[in-house]
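Visitor: Got a structure for you, questions after.
Residue numbers (this note's numbering): 17 to 301.
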């Protein structure tokens, strides 16, 4: 799922830009949106769903309408943030997410006007911009160039959509996470850097070579970069195979080859120190 955020001052035209993007991106795939709505409450205490929430429910889902007229669903959850919302859209298998607001995030941003103090601005629009066809096409091109965001659920859905999985007897997954405790050492986070485009080429080669093995129908690999906190996910591997024996062998080979062959470097942050793991391994050998 490709993600873009549109940020600007209040009444700067953010919604018009978002609407133009959604209309045009829908020609390339499915689109979801997220909007920062300030402090307004959509689930006041006097409503039935509000009473459920105040009684201690962690998630409340309201459904309106009927099967004849069509239904709408709204979910209220405690302790959720922008990352959770993006993962929710990604889990649904959407191709694009357009975010309105959240100028403090690290998402790639289209900034409107002279808005300052925001990071990762990939394009800046003047205030009161006319969203003509040529400009909108340029913005769509920027969105299409953004890196893909994946969740494990999104990868599984992608595998299931592949017609070749009609021959599958099993789908298996591997999730690598940041280990917090290793002996007496406590790791708070890891930082990953990819040497591109070589890293992506190596991952693609591993995928294609595994798919040539007997019984292996599909292989998807996604390795995250940047800072990943203890307990969070690092890498996903999804394999569809005709039989479980072939599947388990492919999963094991995939992660072993990623660690050995892909130019992806890991920096570890413990309570005592921080270090690049490949540098330490090189000195120890």
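Beta carbons: idealized from backbone N, C-alpha and C, even for Gly.
Note that the structure is predicted; figures quoted are calculated from it, not measured.
1. CB residue 168 to CB residue 189, shorter than 9 Å?
2. Just to confirm before moving on: does the CB-CB distance between residue 219 and residue 172 stay below 9 Å?
3. So residue 145 is in the alpha helix (DSSP H); what residue range does that whole segment cover?
4. Taking the alpha-carbon positions, what's the residue 67 to residue 79 distance?
5. Going by DSSP, what residue range makes up the beta strand (DSSP E) through residue 186?
6. Rounding to the nearest angstrom, what Cα-Cα distance links residue 144 and residue 136 in this structure?
7. Within 10 angstroms of its Cβ, does residue 60 collect 16 or more other Cβ (buried), or is it exposed?
8. Does DSSP put residue 65 in a helix, a strand or coil?
9. Should residue 25 be labelled buried (16 or more other beta-carbon atoms within 10 Å of its own) or exposed?
10. Contact check, residue 232 vs residue 255 under 8 Å by CB: the rounded distance?
11. Quick one: is residue 193 buried, meaning 16 or more other Cβ sit within 10 Å of its Cβ, or exposed?
12. Identify the continuous alpha helix (DSSP H) that holds residue 44 and give its terminal residues.
13. Per DSSP, residue 206 is paired with what?
14. Which residues does DSSP pair with residue 116 in a beta bridge?
15. Are there 16 or more other CB atoms within 10 angstroms of the CB of residue 170, so buried, or fewer, so exposed?
16. Just to confirm my understanding: we take residue 226, look at its own chain, exclude 5 residues before and 5 after, and list those with CB closer than 7 Å. What are they?
17. Using only alpha-carbon positions, find the residue among 208, 196, 284, 264 that is nearest to residue 238.
18. Look up residue 218 in the DSSP assignment and give the residues it is bridged to.
19. Quick one: is residue 89 buried, meaning 16 or more other Cβ sit within 10 Å of its Cβ, or exposed?
20. Do residue 22 and residue 125 have their C-beta atoms closer together than 9 Å?
21. Between which residues of its own chain and residue 286 is the CB-CB distance below 8 Å, once the five residues before and five after are set aside?
22. I'd like to know whether the C-beta atoms of residue 258 and residue 183 end up nearer to each other than 9 Å.
23. Give me the Cα-Cα distance between residue 51 and residue 98, rounded to the nearest whole angstrom.
24. Exposed or buried, what is residue 47 when buried is set at 16 or more other beta-carbons lying within 10 Å of its beta-carbon?
25. Output needed for residue 94: all residues of its chain with C-beta closer than 7 Å, excluding positions within five of it in sequence on either side, in chain order.
26. Exposed or buried, residue 166, counting other C-beta atoms within 10 Å across all chains shown (16 or more means buried)?
Guide: For this structure:
1. yes
2. no
3. Taken as a continuous stretch (DSSP letters only), residue 145 belongs to no alpha helix (DSSP H), as it is neither H nor E.
4. 16 Å
5. 186-193
6. 22 Å
7. exposed
8. helix
9. exposed
10. 7 Å
11. exposed
12. No alpha helix (DSSP H) holds residue 44; DSSP gives it neither H nor E.
13. 244, 284
14. 22, 51
15. buried
16. 232, 235, 266, 269, 270
17. 208
18. None; residue 218 has no bridge partner.
19. exposed
20. yes
21. 201, 202, 203, 204
22. yes
23. 10 Å
24. buried
25. 74
26. buried
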